[in-house]
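Numbering (the UniProt record's numbering), first residue to last: 1 to 190.
This is the structure we're talking about:
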């Protein structure tokens with residue numbers, strides 16, 4: 001057989017190997033690195049170029065993501081208004097700016113939100129349509145309830161405040177969620 005008869009589809013007539021035009025993708029399976037290639041002309045330099053290009057892409061992605069994180073921290077971003085919330089109403093969890101240190105050099109403590117303040121709509125006389133749900137409070141000790149007012153505004157209100165100003169709605173909310181099993185008897189040993 002001659003050299004030209006021995007060459008199959010992708011091999012060069014000189015017997016030097018296959019010709020790769022470009023490396024399109026890379027994957028690792030079971031510890032083996034595989035490359036997706038487009039055959040035409042090739043060399044080991046193409047693989048090195050591809051690897052360097054991937055490294056550059058990763059580096060650019062890391063730089064962009066680190067710039068995004070460093071530019072505006074979440075605490076300095078303006079708060080998005082809640083649907084139905086009026087712009088002039090204070091946020092229920094808004095805290096006053098920290099006070100300067102006193103002349104004695106001891107730092108002053110921030111006042112905790114109080115239940116008797118009129119920060120909540122129900123305390124200002126707004127009428128509650130419905131209590132949507134209850135969950136543990138993060139900034140306030142106890143439970144907070146999501147309420148919707150007639151004006152369409154929704155707000156998280158401590159359940160302690162609701163028990164003082166809207167006790168009937170609180171009771172109705174919990175009664176709606178009570179479920180009894182018909183044949184449940186705690187004294188039977190079935």
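From the three backbone atoms N, C-alpha and C, an ideal C-beta is built for every residue, glycine too.
Note that the structure is a prediction, hence the values are computed from the model and not measured.
A buried status is given to residue 121, since no fewer than 16 other beta-carbon atoms sit within 10 Å of its beta-carbon. Here the alpha carbon of residue 35 sits roughly 14 Å from the alpha carbon of residue 19. Per DSSP, residue 182 is not a residue of any beta strand (DSSP E), being assigned neither H nor E. For residue 174, the uninterrupted alpha helix (DSSP H) run begins and ends at 167-177, by DSSP. Sequence-distant Cβ neighbours of residue 53 in its own chain, meaning closer than 7 Å and more than five residues away, do not exist here.
Residue environment for residue 64: exposed (fewer than 16 other C-beta atoms within 10 angstroms of its C-beta).
The beta carbon of residue 166 sits closer than 6 Å to the beta carbons of 122 and 128 from its chain, once the five residues preceding and following it are set aside; these are given in chain order.
Each residue's CA atom was taken as its position, placing residue 21 and residue 138 some 59 Å apart.
Secondary structure at residue 150: coil, using DSSP grouped into helix, strand and coil.
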